[in-house]
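Take a look at the structure set out below.
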Amino acid sequence: MLERIEEIQGIGLLHAANGKPHKFLKTTLIYADNGRGKSTLATVLRSLSTGDAPLILNRKTIDGTLPPQAVLQFANGHKVTFSGNAWSELRPELLVFDSDFIERNVHSGSVINTEHRKNLLEFALGEPAVAARAAVDQATAKAKAAADKIQEIIGQLSGHHPGLSLVEFEKLPSTPDADGQIAALQKRLIAAGNVAAISAKPVPKQVSEPTLDLATLFKGLGRSLINVHADAEQVVKQHVQNIGGKGAEDWLSQGHQYEGNNTCPYCGQGTKDNDLIRAYQTHFNAAYAALKKESVCLHDTVVTDTEAAIIDAFSQGIVTATAQATAWSEQVQTKPIEFVEAPARSALAELRELALDLARRKQASPAEPVGTVSDLEKARSLWQQVLAPMQSANAMVKDAAALIAAYQGQLATDSAQQLQQQIEQLQACKRRHDLIVVGLFSQLVTLRADAATAENAKKTERDKLDALMVTTLQHYEKTINALLRNFGASFSIKGMTANFRGAGPRTEYGLALRGKDVALEGGPPSFSTTLSEGDKRTLAFAFFIASTLADAKLSTRIVVVDDPMCSLDLNRKHYTRSVLKNFRSKAEQLIVLAHDPYFIRDLRDAMRKDDPATPIAIFQLSLAANNYTDFSSFDVDKECESAYFQHHRLLNEFTVGRAADSRMVAKVIRPMLEGYLHRRFPGLIPKSLMFGQVVGLIRDALPTSPLAYAQNLVTALNEINEYAGQFHHDVNPSADTVTIVASELKTFVDRSLELVHRGAP
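When you line the sequence shown up against numbering that gives the first Met the number 0, it's residues 0 to 760, in that order.
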């Protein structure tokens, strides 16, 4: 049991706090305003429980001059100190519920993460799971050690099987004649390697030969207009000669298109029955125009298809083919490739001159056929003279390509890639059956068996822990939900389990609210948006209660609860008192820190009602010099005495006709009179006495006792108590069903106030 906190210095507001005068008892209630150091004191006790020095060091007094230090006295005068950044010993019997517990085990702000669920599992399972968890950790460590050894051997083997997986390498057979086979394959590889290089060289290809469609050309030259009248032709030609000038006939042809309404487009004179105009109409009809256009195209075709560039292009192609054939000279003896250009160029020039002459003549007289059979034969002869040297050169290219292809076919039997793969496979077989590698594989086989055994042991221990967790957490879930119902919470937890995903085991659970599932993360709905801050704190408190009450060593524990009734939990005050009374009865010691004096008073009274002899210590953390905090005495009754005035006001308001709850008025008559008597006779009437007992104490008072001066009130007090007592459950279990008559109630209210005001019935 913790007996005293003798000293705390340099920690938060507890810069030089002296607690020696204040002895801790089995139940110790500590009052402090918000921001006065309750959480800091709880943190000191938590640090003492876990040995977590940073919890204290991180709260070093900001403007303090003293180093963090604490001296606590336990049973039999045994002292534990924090000095030099460490505790002299740990006191794991301390179980602390505070904001740090919530943030470590349940949630931080509105977030529940993996670390919360991991810590909650450790806290929920408690000491019964320590041995099972230790066995799992030990088995896991052995399994990891075995796996690490395997990886070490695998690492040593890694340099022996490049290009092969370890499984493939391990299965390779022994090859006694590996060196001889490798030597033979290497000889073949050299030859195959040359073939590969040679085969990559380009093979010469025949060069495309030019084309000239003489039949189509001469067909166009020989086309004429049968319907062109000879006289019209003559008239037009004569007129063209008279006009003179280059292009006169084209000019007349274009102007003819604009003739209309039998009027000349130039002079405006009539053109009807004009012989020259009729000749124009014949000469410049549509068919004639088409024929003229075709004659122009024939000329352009001759110009293009007989250019000297076709000789140049073919000659360049032969140069390329010759170079490609020459590249094979070391492997294939080919005949020289020759292209005799001079005859081809001479024949092409003569053919061009012949064809252009015919084309010009046709262009000059489109209606007349041009070119004879003799001209066509000559043209064919000349074109063949152009092609003959080209065809001869291409024949040479074809012969060279055929020789090269035959050579390639001969060397295609061996594949350099396949030969190299065979060599590498044989080399791998040699390495696999090297004595060092054989020894490594022998170790690997043994280690694999050890690892399998370790994994089985790990699974066995984990299964045991799983079974323990399932049993514990199922009970834990039921207990927590019962607590939540008693707290009046509108939500519950569901599906509480544990899993081993990640670095370690952790809890998994969900929430249910109004028949709907609520996710811990994600959503909506989710934990962060659905539960109020009071609900979240209630959930955390329920976790703490369930685990603490399930602790097999609770009778040796010191339970510390920091601010169980924050402003968010006022609607759960009654059941919180019940829980704390339960802790008081089962734990070695209960320490409660609270900012609400009425809660401390009510908790004390509730505990003394159950056991009037129970030892309870009450003191406070109060303001000290420089706005620091120190320990001091605390009169909780004095702090809370204003309740009497509230009751008195309620009765006065009722007598003057202000609206009020009649049943509430009836219930406060007796406590108002109790308050009056306590104030009239301070220190003479024990707080633990019921109203009837107080009246009896006055009745039986000795004449020397100040209480004797109130003996004239005994009859009136008994009569009032007889009426007012029926509205209290300690006298009447059916108090809430008693009918209230307003006039009767007013009579007893008036008598009660008159008794207080006059001090007489």
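All C-beta atoms in this analysis are idealised placements derived from N, C-alpha and C, irrespective of residue type, glycine included.
Where DSSP assigns a beta bridge to Glu151, which residues make up the other side?
BP columns for Glu151 are empty, so no partner.
Just to confirm before moving on: does the CB-CB distance between Phe630 and Asn17 stay below 8 angstroms?
yes
For Gly11 and Pro702, what's the separation of their Cα atoms in angstroms?
55 angstroms
By how many angstroms is the C-alpha of Thr174 removed from the C-alpha of Gln419?
17 angstroms
Specify the secondary structure class of Asp636 as computed by DSSP and reduced to three states.
helix
At a cut of 8 angstroms, does the region 352-362 reach the region 418-435 through at least three beta carbon pairs?
no
Going by the DSSP bridge assignment, what does Glu512 pair with across the sheet?
Note that residue 512 corresponds to Leu in the displayed sequence, not to Glu. The partner list for Leu512 (beta bridge, DSSP) reads Phe490 and Lys515.
Can you have a look at Ser577 and say buried or exposed, based on whether 16 or more other CB atoms are within 10 angstroms of its CB?
exposed
Rounded to the nearest angstrom, how far is the Cβ of His728 from that of Arg669, given a contact under 8 angstroms?
Contact flag wrong, Cβ pair sits at about 12 angstroms.
What are the boundary residues of the beta strand (DSSP E) that includes Phe81?
Membership of Phe81 in the beta strand (DSSP E) is indicated by the continuous run Lys78 to Ser82.
Closest to Phe540 by CA distance: which of Arg556, Gln185, Leu579 and Glu721 is it?
Leu579
Where DSSP assigns a beta bridge to Ser559, which residues make up the other side?
Reading off the sequence, residue 559 comes out as Val, not Ser. Val559 is bridged to Val95 and Ile590.
Take Glu718 as the anchor and find which of Arg757, Phe690 and Tyr708 has the nearest alpha-carbon.
Phe690
Quick check: what's the CA-CA separation for Val437 versus Val135?
35 angstroms
Pro15 lies in the beta strand (DSSP E); which residues open and close that run?
According to the sequence as given, residue 15 is Ala; it is not Pro. Per DSSP, Ala15 belongs to the beta strand (DSSP E) from Leu13 to Asn17.
Just the C-alpha distance for Leu40 and Ile149, rounded to the nearest angstrom, thanks.
51 angstroms
Which residue spans inside the region 21-73 form an unbroken beta strand (DSSP E) run of at least 3?
You should have 26-31 and 68-73.
What's the C-alpha gap between Val396 and Phe338?
11 angstroms
Using 8 angstroms as the threshold, is the C-beta distance between Val559 and Phe81 below it?
no
Locate the alpha helix (DSSP H) running through Leu165, then write down its first and last residues.
Leu165 to Glu169
Among Phe440, Leu434, Val194 and Thr303, whose alpha-carbon lies nearest the alpha-carbon of Glu329?
Val194
What whole-angstrom Cβ distance do Leu350 and Trp382 have, given they're in contact under 8 angstroms?
6 angstroms
Starting from the Cα of Phe680, find the closest Cα among Ala709, Gly695 and Ala551 and give me that residue.
Ala709
Between which two residues does the beta strand (DSSP E) holding Gly724 run?
Segment: none, Gly724 is in no beta strand (DSSP E) and carries neither H nor E.
Using DSSP with H/G/I as helix, E/B as strand and the rest coil, what is Leu213?
Assignment of Leu213 by DSSP, reduced to helix, strand and coil, places it in the helix class.
What does the alpha-carbon distance come out to for the pair Val206 and Gly408?
24 angstroms
Less than 8 angstroms between the C-beta atoms of His160 and Ala551, yes or no?
Pairing His160 with Ala551 gives a Cβ-Cβ distance that is not under 8 angstroms.
Quick check: the Cα distance between Leu688 and Leu676, rounded to an integer number of angstroms?
12 angstroms
Around the C-beta of Leu65, are 16 or more other C-beta atoms found within 10 angstroms, so that it is buried, or is it exposed?
Exposed.
Regarding Ala593 and the ligand MN, is the C-beta to nearest heavy atom distance less than 7 angstroms?
The ligand MN is absent from the structure shown, which contains no ligand whatsoever.
Take the Cβ of Asn455 as the centre, count every other Cβ of all protein chains shown within 10 Å, and call the residue buried at 16 or more, exposed below.
exposed
Are the region 458-468 and the region 211-223 in contact at 8 angstroms, needing three or more beta carbon pairs?
no
Taking C-alpha atoms, which residue in Lys515, Ala488, Leu211 and Asn581 lies nearest to Ile537?
According to the sequence as given, residue 537 is Thr; it is not Ile. Nearest C-alpha to Thr537: Ala488.
So Ala481 is in the alpha helix (DSSP H); what residue range does that whole segment cover?
Leu434 to Asn485
Check whether the Cβ atoms of Gln619 and Leu1 lie closer than 8 angstroms to each other.
no
For Ala545 versus Ile479, is the C-beta distance shorter than 8 angstroms?
yes
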